[in-house]
Structures are given as C-alpha cells and as structure tokens.
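Participant: Sharing a structure below in structure tokens format, with a few things to ask.
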Amino acid sequence: MRKWILENNINISKEQYLAVAQKFGLTKRELELGFMKVSGFSNRRIAYMLGISEQTVKNHFTHIYEKAWVPGRKEFIELFISN
Numbered sequence: 001m002r003k004w005i006l007e008n009n010i011n012i013s014k015e016q017y018l019a020v021a022q023k024f025g026l027t028k029r030e031l032e033l034g035f036m037k038v039s040g041f042s043n044r045r046i047a048y049m050l051g052i053s054e055q056t057v058k059n060h061f062t063h064i065y066e067k068a069w070v071p072g073r074k075e076f077i078e079l080f081i082s083n
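Residue numbers for the sequence shown follow the UniProt record's numbering, beginning at 1 and rising by one.
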C-alpha cells in the first residue's frame with residue numbers, strides 16, 4: 001500500500017484527514033488507525049506500533065470501511081484525494 005501511496009504522490013495532512021473522517025462518525029481509535037493507514041502503514045506495522053494484534057487491526061478496518069461506505073483501503077484513501 002505504501003508503494004501505491006508514493007507512486008500516486010498522496011500527501012494528506014492530519015487536518016485534511018480529520019475533516020473527511022469525522023463525516024463518517026469514526027471513533028478516536030478508528031481515526032488513529034485510519035490516519036496510519038492513509039499514511040501508508042501496513043496492518044502489521046499498525047498492530048506493532050499500537051501493541052494490538054493484527055486481527056484487531058483488521059477488525060477495526062472492517063468497521064471503518066463499513067462506516068465510510070467503501071469496500072477497501074484503496075477506496076478509503078481515495079476519499080481523501082477527492083475531497
């Protein structure tokens with residue numbers, strides 16, 4: 001995913017991320033994980049950094065994608081490009 005972000009010159013500020021993400025009613029934890037994903041971190045890296053299991057990270061993203069009405073991470077990131 002990081003490669004895709006770099007190849008597409010995606011640079012999203014925290015303020016820009018918060019403005020879009022708050023429209024979807026994400027929890028503080030979901031905001032944190034979502035920003036890490038948009039910043040290019042893998043699920044494994046996010047799990048390590050937060051001291052949680054990779055499965056817990058995946059569960060959070062299932063909820064995040066449902067709230068944002070997107071099928072996956074690429075579409076989630078594209079929400080921030082288009083806004």
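Ideal placement from N, C-alpha and C gives every residue a C-beta, glycine not left out.
Remember, it's a predicted structure, so these values are computed and weren't measured experimentally.
Would you identify the three-state DSSP class for V27, choosing helix, strand or coil?
Facilitator: The identity of residue 27 in the sequence shown is Thr, whereas the question assumes Val. Here T27 sits in coil by DSSP.
Participant: If you draw a straight line from the alpha carbon of I64 to that of L26, how long is it in whole angstroms?
Facilitator: So the two alpha carbons sit approximately 7 Å from each other.
Participant: Just to confirm before moving on: does the CB-CB distance between F35 and Y17 stay below 8 Å?
Facilitator: yes
Participant: CB-CB under 7 Å to N8, same chain, minus the five flanking residues each way: which ones, in chain order?
Facilitator: Low confidence applies to N8: its pLDDT is 47, below 50, so where it sits in the model is not reliable, and the reading given next is rough at best. Cβ within range, chain order: n/a, list empty.
Participant: Around the C-beta of N59, are 16 or more other C-beta atoms found within 10 angstroms, so that it is buried, or is it exposed?
Facilitator: exposed
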